[in-house]
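Visitor:
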Amino acid sequence: MGAVKSKRMPRAVREQQMLDAAVRTFGQRGYMAASMDEIAELAGVSKPLVYLYLNSKEDLFTACIRREAQALTEAVRAGVDPALPADRQLWDGLRAFFTHTAQNPHGWSVLHLQARTHGEPFAAEVTAMREELVAFVTQLIVVAAREAHRDPDLPEREVAGLAEALVGAAESLAAWANASPGITARQAAATLMNFAWAGLGNLMAGSPWSPPDPSHETSG
């Protein structure tokens with residue numbers, strides 16, 4: 513009768529604990545192999561409580577994807593100072609990307625591997641995140657290129673493909689870096705920066721590479 517009741521944990525805090533446990537379990541075991549029992553045990557709650565908060569395994573996985581995608585895009589945006597030169601902005605953005613994916617390997621596994629291999633709507637969630645990153649990088653490059661050229665009308669389509677390629681390369685390199693002991697986020701960022709800036713630097717200088725005249729090419 514006289515026992516003092518323990519303070520209940522706020523729902524938002526409890527839900528984040530569940531998501532933490534789910535991201536770790538999905539990242540380590542994969543979506544199909546992960547069980548709600550395992551997630552509940554790791555979170556320190558009952559399985560019915562997980563279902564009460566997050567409805568189903570599918571909804572739980574979707575919530576994990578959305579949280580990890582938001583955290584990654586926010587980390588990249590926060591890492592870039594628009595007042596700095598273009599090469600420094602790109603470097604800082606890449607370093608923020610690789611630092612976040614290295615520090616959150618289970619979250620990156622959920623985004624890069626699990627969500628993409630289990631169909632809609634999971635893949636659509638990752639596609640939305642990727643499109644946001646591509647748009648961000650496109651705008652970063654196009655603004656810098658316009659300033660370098662003193663040309664306010666430089667079309668975005670001329671750099672959109674570069675941004676798409678850069679994001680794709682970053683995704684692949686992050687997976688490689690996380691699977692390669694001893695590779696730091698700084699090393700991964702430097703690798704991609706060296707690969708990309710040779711082309712981007714020429715673009716900024718107004719000297720992009722152009723393919724040869726088709727009439728001078730031999731058919732394969």
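Residues 513 to 732 (my numbering) make up the sequence shown, in order.
For glycine and all other residues, C-beta sits at the position ideal for the given N, C-alpha and C.
#1: Helix, strand or coil: which one does DSSP assign to Asp-604?
#2: Alpha carbon to alpha carbon, how far is Ala-686 from Lys-559?
#3: Can the beta-carbon of Leu-704 be found closer than 8 Å to that of Leu-652?
#4: Ile-577 and Ala-627 - do their beta-carbons sit closer together than 8 Å?
#5: On the DSSP letters alone, give me the boundaries of the alpha helix (DSSP H) that Gln-528 sits inside.
#6: Under the assumption that Ala-701 contacts Leu-606 (Cβ atoms under 8 Å), give the Cβ distance between them as a whole number of angstroms.
#7: On the criterion of 16 or more Cβ atoms from any shown chain inside 10 Å, does Arg-523 qualify as buried, or is it exposed?
#8: Thinking C-beta only, is Val-679 closer than 8 Å to Val-646?
#9: Run through DSSP, which three-state label would Thr-474 get?
#10: Going by C-alpha to C-alpha distance, which of Glu-683, Ser-684 and Val-655 sits closest to Ala-672?
#11: For a test of the three-state rule: what should DSSP assign to Glu-632, helix, strand or coil?
#12: How many angstroms separate the CA atom of Pro-693 from the CA atom of Gly-542?
#13: Taking C-alpha atoms, which residue in Asn-567, Glu-676, Met-548 and Ala-581 lies nearest to His-612?
#14: For Leu-564 versus Thr-537, is the C-beta distance shorter than 8 Å?
#15: Can you say whether Val-516 is buried or exposed, counting buried as having 16 or more other CB atoms within 10 angstroms of its CB?
#16: Run through DSSP, which three-state label would Val-592 get?
#17: Assuming Gly-556 contacts His-618 under a Cβ cut-off of 8 Å, what Cβ separation, rounded to an integer in Å, is found between them?
#18: Hey, Leu-572 and Ala-534 are a contact pair by Cβ (cut 8 Å); roughly how many whole angstroms apart?
#19: Of all the options Glu-643, Ala-691 and Met-544, which has the alpha carbon lying nearest to the alpha carbon of Leu-584?
#20: Considering only residues of the same chain and omitting the five flanking positions on each side of Phe-609, which have a CB-CB separation below 6 Å?
#21: Between which residues of its own chain and Arg-698 is the CB-CB distance below 6 Å, once the five residues before and five after are set aside?
#22: Using C-beta distances below 6 Å, list every residue in its chain close to Ser-621, excluding the 5 sequence neighbours before and after it, in chain order.
#23: By a C-beta neighbour count over all protein chains shown, 10 Å radius and 16 as the cutoff for buried, is Ala-708 buried or exposed?
Guide: Let me spell this out:
#1: As a first step, residue 604 is located in the sequence shown; it is residue number 92 there, counting from the start. Correct three-state label for Asp-604: helix.
#2: Looking up residue 686 in the sequence shown gives position 174. Looking up residue 559 in the sequence shown gives position 47. Each residue's Cα considered, the two are about 33 Å apart.
#3: Residue 704 sits at position 192 when you count from the first residue of the sequence shown. Residue 652 sits at position 140 when you count from the first residue of the sequence shown. No, the Cβ-Cβ distance between Leu-704 and Leu-652 is not below 8 Å.
#4: Here residue 627 refers to the residue found at position 115 of the sequence shown. Here residue 577 refers to the residue found at position 65 of the sequence shown. Against a cut-off of 8 Å, the Cβ pair of Ile-577 and Ala-627 comes out as a contact.
#5: In the sequence shown, counting from the first residue as 1, residue 528 sits at position 16. Here the alpha helix (DSSP H) through Gln-528 covers 523–541.
#6: As a first step, residue 701 is located in the sequence shown; it is residue number 189 there, counting from the start. As a first step, residue 606 is located in the sequence shown; it is residue number 94 there, counting from the start. At roughly 4 Å, the Cβ-Cβ gap stays under 8 Å, so Ala-701 and Leu-606 are in contact.
#7: Position 11 of the sequence shown holds residue 523. Counting the other CB atoms within 10 Å of its CB gives Arg-523 a total below 16, which places it among the exposed residues.
#8: Taking the sequence shown and counting its residues from 1, the one referred to as residue 646 is at position 134. Taking the sequence shown and counting its residues from 1, the one referred to as residue 679 is at position 167. Yes.
#9: Nothing about residue 474 can be reported from this structure: the residues present for the chain run from 513 to 732 only.
#10: The sequence position of residue 672 within the sequence shown is 160, counting from 1. When each option's Cα is compared against that of Ala-672, the closest is Val-655.
#11: Against the sequence shown, residue 632 aligns to sequence position 120. In the structure shown, Glu-632 sits in coil (DSSP, three-state: anything other than H, G, I, E or B).
#12: Here residue 693 refers to the residue found at position 181 when the sequence shown is read from its first residue. Here residue 542 refers to the residue found at position 30 when the sequence shown is read from its first residue. Roughly 21 Å between the two C-alpha positions.
#13: One-based indexing of the sequence shown puts residue 612 at position 100. For His-612, the nearest C-alpha among the options comes from Ala-581.
#14: The sequence position of residue 564 within the sequence shown is 52, counting from 1. The sequence position of residue 537 within the sequence shown is 25, counting from 1. In this structure, Thr-537 does not lie closer than 8 Å to Leu-564 by Cβ.
#15: As a first step, residue 516 must be located in the sequence shown, where it is residue number 4. Because Val-516 carries a pLDDT of 38, less than 50, the predicted location of this residue cannot be relied on, and no value is offered for it.
#16: Within the sequence shown, the letter at position 80 stands for residue 592. Three-state DSSP puts Val-592 in coil, outside helix and strand.
#17: Translated into the one-based positions of the sequence shown, residue 556 becomes position 44. Translated into the one-based positions of the sequence shown, residue 618 becomes position 106. About 18 Å separates the two Cβ atoms, so there is no contact after all.
#18: As a first step, residue 572 must be located in the sequence shown, where it is residue number 60. As a first step, residue 534 must be located in the sequence shown, where it is residue number 22. At roughly 5 Å, the Cβ-Cβ gap stays under 8 Å, so Leu-572 and Ala-534 are in contact.
#19: By one-based count along the sequence shown, residue 584 stands at place 72. When each option's Cα is compared against that of Leu-584, the closest is Glu-643.
#20: Within the sequence shown, numbered from 1, the residue matching residue 609 stands at position 97. Counting only Cβ-Cβ distances below 6 Å, and skipping sequence neighbours, we find Val-588 and Ala-682.
#21: For the purposes of this step, residue 698 is taken as residue 186 along the sequence shown, with counting starting at 1. If we look at Arg-698 and ignore the five residues flanking it on each side, it has no Cβ neighbours.
#22: Locating residue 621 in the sequence shown gives position 109, where the first residue counts as 1. The answer, listed in chain order, is Gly-539.
#23: Sequence index remark: in the sequence shown, residue 708 carries index 196 (1-based). Buried, by the Cβ-count rule.
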